[in-house]
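Undergrad: Shown below is the structure under consideration.
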Amino acid sequence: MSTQPQTALITGATSGIGLATARLMAAYGVRLILCGRRRERLDALKEELSPRTEVLTLRFDVREREAVTQALSQLPEAWQAIDVLINNAGNAHGLAPIQEGNPDDWDAMIDGNVKGLLYVTKAVLPYMLERKQGHIVNIGSIAGKEVYPAGNVYCASKFAVDALSKAMRIDLYKEGIRVSEVNPGLVETEFSLVRFKGDAGRAKKVYEGYRPLRPEDIADLIWFIVTRPAHVNIAEVLVLPADQATSTLVNRRDT
Ligand code: NDP
Ligand code: 8X3
5 MSTQPQTALI TGATSGIGLA TARLMAAYGV RLILCGRRRE RLDALKEELS PRTEVLTLRF
65 DVREREAVTQ ALSQLPEAWQ AIDVLINNAG NAHGLAPIQE GNPDDWDAMI DGNVKGLLYV
125 TKAVLPYMLE RKQGHIVNIG SIAGKEVYPA GNVYCASKFA VDALSKAMRI DLYKEGIRVS
185 EVNPGLVETE FSLVRFKGDA GRAKKVYEGY RPLRPEDIAD LIWFIVTRPA HVNIAEVLVL
245 PADQATSTLV NRRDT
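If you want it as structure tokens, here you go:
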């Protein structure tokens with residue numbers, strides 16, 4: 005028998021995979037704590053989803069440890085019973101061979117994708133440990149399974165997410181907390197727009213000539229994972245577009 009979570013916290017809810025997951029969970033009536041940096045998007049999302057469920061929005065940068073701790077460690081009591089944490093916030097910054105890489109981009113990826121995930125998890129875990137119940141879903145990537153040209157530091161950050169997901173599962177399984185990892189291939193979101201620093205033409209090309217995954221595909225998968233019965237944990241999933249075989253093999257038909 006499947007079970008449905010009552011309260012979920014999603015980081016990176018203002019766009020892409022996190023946004024699609026928020027919308028899907030709201031449709032099922034899950035109470036949502038939605039996080040991101042863009043206040044106007046958080047406000048719009050709250051207005052959009054509030055007719056379907058209760059929504060609490062929190063604005064912080066996952067790279068700022070103090071801000072993360074402040075926002076999450078003293079949640080109103082009614083919001084402390086978090087059943088599901090979706091560690092989704094993250095991005096690639098730049099795509100350059102290591103010898104041409106920009107250390108500011110490296111910092112943004114290591115600090116956001118790795119340390120940010122740790123800070124958020126650290127702040128949310130006490131609520132789960134107290135109830136001996138919870139489910140953490142980390143969004144990794146195919147980039148955390150195989151390295152591709154010029155992917156260097158982004159790949160390293162997602163290899164770290166892979167290692168941390170396995171490590172968290174080992175440390176938390178006796179505490180009643182499930183840890184799952186979802187590793188998507190190419191998903192059409194704002195990901196490439198961020199990676200290419202607002203160059204919309206270059207970003208668009210990443211998704212041309214084949215059918216990329218939609219953020220809703222990943223939201224469906226996350227929903228499946230978090231609604232399994234309590235004795236089931238989907239430890240990890242690699243999900244690709246049918247037109248993608250590896251990080252570098254994509255069947256582009258008309259480019
Ligand atoms: P988007 O750029 O569409 O969304 C990224 C989300 O993360 C936004 O909501 C953004 O919100 C938030 N975010 C980014 N940096 C920070 C930060 N420092 N602090 C707080 N929030 C932050 O990309 P996706 O939806 O594609 O990416 C979501 C996750 O999926 C990422 O971890 C990405 O690595 C992973 N992924 C993406 C794939 C793809 O092909 N798109 C494939 C595999 C994995 P805001 O700007 O408002 O803070
Ligand atoms: C995002 C997918 O292949 O651009 O993690 O790294 S990829």
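Residues in the sequence shown are numbered from 5 upward in steps of one, following the working numbering.
Note that CB positions come from ideal geometry on N, CA and C, so glycine has one too.
Check whether the Cβ of Ser169 sits closer than 7 Å to any heavy atom of the ligand 8X3, and report yes or no.
TA: Mapped onto the sequence shown, residue 169 falls at position 165. It does not: the Cβ of Ser169 is nowhere closer than 7 Å to a heavy atom of the ligand 8X3.
Undergrad: Please list, in chain order, all residues of the same chain as Ala96 whose beta carbon is under 6 Å from its beta carbon, the five residues on each side excluded.
TA: Your numbering for residue 96 matches position 92 in the sequence shown. Same-chain partners within the cutoff: Tyr158 and Arg199.
Undergrad: Pro245: beta carbon under 7 Å from a heavy atom of the ligand NDP?
TA: Locating residue 245 in the sequence shown gives position 241, where the first residue counts as 1. No - the ligand NDP has no heavy atom lying nearer than 7 Å to the Cβ of Pro245.
Undergrad: Let me check one thing: in DSSP terms, what residues is Glu185 bridge-paired to?
TA: Numbered from 1 along the sequence shown, position 181 holds the residue referred to as residue 185. Beta-bridge annotation (DSSP): Glu185 is paired with Asn142 and Glu240.
Undergrad: For Arg27, report the span of its alpha helix (DSSP H) as first-last.
TA: Within the sequence shown, numbered from 1, the residue matching residue 27 stands at position 23. Gly20 to Ala31 is the span of the alpha helix (DSSP H), which, as asked, contains Arg27.
Undergrad: I think Thr15 touches Ala93, with their Cβ atoms under 8 Å apart; what is that distance to the nearest whole Å?
TA: Translated into positions along the sequence shown, residue 15 becomes position 11. Translated into positions along the sequence shown, residue 93 becomes position 89. With 8 Å as the limit, Thr15 and Ala93 qualify as a contact, their Cβ atoms being about 4 Å apart.
Undergrad: With distances taken from CA atoms, which of Ala164, Ala100, Asp166 and Ser77 is nearest Phe64?
TA: Within the sequence shown, residue 64 is the residue found at index 60, counting from 1. Out of Ala164, Ala100, Asp166 and Ser77, Ser77 has the C-alpha closest to the C-alpha of Phe64.
Undergrad: Just to check, is the beta-carbon of Tyr158 closer than 7 Å to a non-hydrogen atom of the ligand 8X3?
TA: Taking the sequence shown and counting its residues from 1, one reaches residue 158 at position 154. At least one heavy atom of the ligand 8X3 is nearer than 7 Å to the Cβ of Tyr158, so yes.
Undergrad: Looking at Val118 and Val59, is the spacing between their C-beta atoms short of 8 Å?
TA: Indexing the sequence shown from 1 puts residue 59 at position 55. Indexing the sequence shown from 1 puts residue 118 at position 114. Result no, Cβ atoms of Val59 and Val118 do not sit closer than 8 Å.
Undergrad: Determine the DSSP secondary structure at Gln103, reduced to helix, strand or coil.
TA: As a first step, residue 103 is located in the sequence shown; it is residue number 99 there, counting from the start. DSSP places Gln103 in helix when its eight states are reduced to three.
Undergrad: Which of helix, strand or coil does DSSP assign to Gln74?
TA: Within the sequence shown, residue 74 is the residue found at index 70, counting from 1. Looking at Gln74 - three-state DSSP - the assignment turns out to be helix.
Undergrad: For Gly98, list the residues DSSP reports as bridge partners.
TA: Mapped onto the sequence shown, residue 98 falls at position 94. Gly98 has no beta-bridge partner at all, per DSSP.
Undergrad: Taking the alpha-carbon positions, what's the Ile3 to Trp110 distance?
TA: Here the chain comprises residues numbered 5 to 259, so residue 3 is not present and cannot be evaluated.
Undergrad: Taking all protein chains shown into account, decide if Phe195 is buried (16 or more other Cβ within 10 angstroms of its Cβ) or exposed.
TA: Against the sequence shown, residue 195 aligns to sequence position 191. Result: buried.
Undergrad: In the DSSP output, which residue or residues are listed as bridge partners for Thr11?
TA: Counted from its first residue, the sequence shown places residue 11 at position 7. Answer is Arg35.
Undergrad: Counting pairs of beta carbons, one from the stretch 213-223 and one from the stretch 6-21, are three or more of them closer than 8 Å?
TA: yes
Undergrad: Closer than 6 Å by C-beta to Asp87: which residues in its own chain qualify, once you throw out the five before and the five after it? Chain order, please.
TA: Residue numbering aside, residue 87 sits at position 83 when the sequence shown is read from its first letter. Closer than 6 Å at Cβ, skipping near neighbours: Pro9, Gln10 and Thr11.
Undergrad: What are the residues that DSSP puts in a beta bridge with Thr61?
TA: If you number the sequence shown from 1, residue 61 lands on position 57. BP columns for Thr61 point to Leu38.
Undergrad: Here's the rule: buried if 16 or more other CB atoms are within 10 angstroms of the residue's CB, otherwise exposed. What is Asn187?
TA: Looking up residue 187 in the sequence shown gives position 183. Asn187 is buried by the Cβ-count criterion.
Undergrad: Could you tell me whether any non-hydrogen atom of the ligand NDP is closer than 7 Å to the CB of Asp47?
TA: Residue numbering aside, residue 47 sits at position 43 when the sequence shown is read from its first letter. It does not: the Cβ of Asp47 is nowhere closer than 7 Å to a heavy atom of the ligand NDP.
Undergrad: So, under 8 Å CB-CB, Met172 and Ile143 are touching, yes? Tell me the CB distance rounded to an integer number of Å.
TA: Numbered from 1 along the sequence shown, position 168 holds the residue referred to as residue 172. Numbered from 1 along the sequence shown, position 139 holds the residue referred to as residue 143. At roughly 14 Å, the Cβ-Cβ gap does not stay under 8 Å, so Met172 and Ile143 are not in contact.
Undergrad: Using 7 Å as the cut-off, classify the Cβ of Phe195 as near or not near the heavy atoms of the ligand 8X3, replying yes or no.
TA: Walking along the sequence shown from the start, residue 195 turns up at place 191. Phe195 Cβ: within cutoff of the ligand 8X3.
Undergrad: Just to confirm, are Arg56 and Ala31 a CB contact at a threshold of 8 Å?
TA: As a working note, residue 56 is residue 52 in the sequence shown. As a working note, residue 31 is residue 27 in the sequence shown. Cβ atoms of Arg56 and Ala31: closer than 8 Å.
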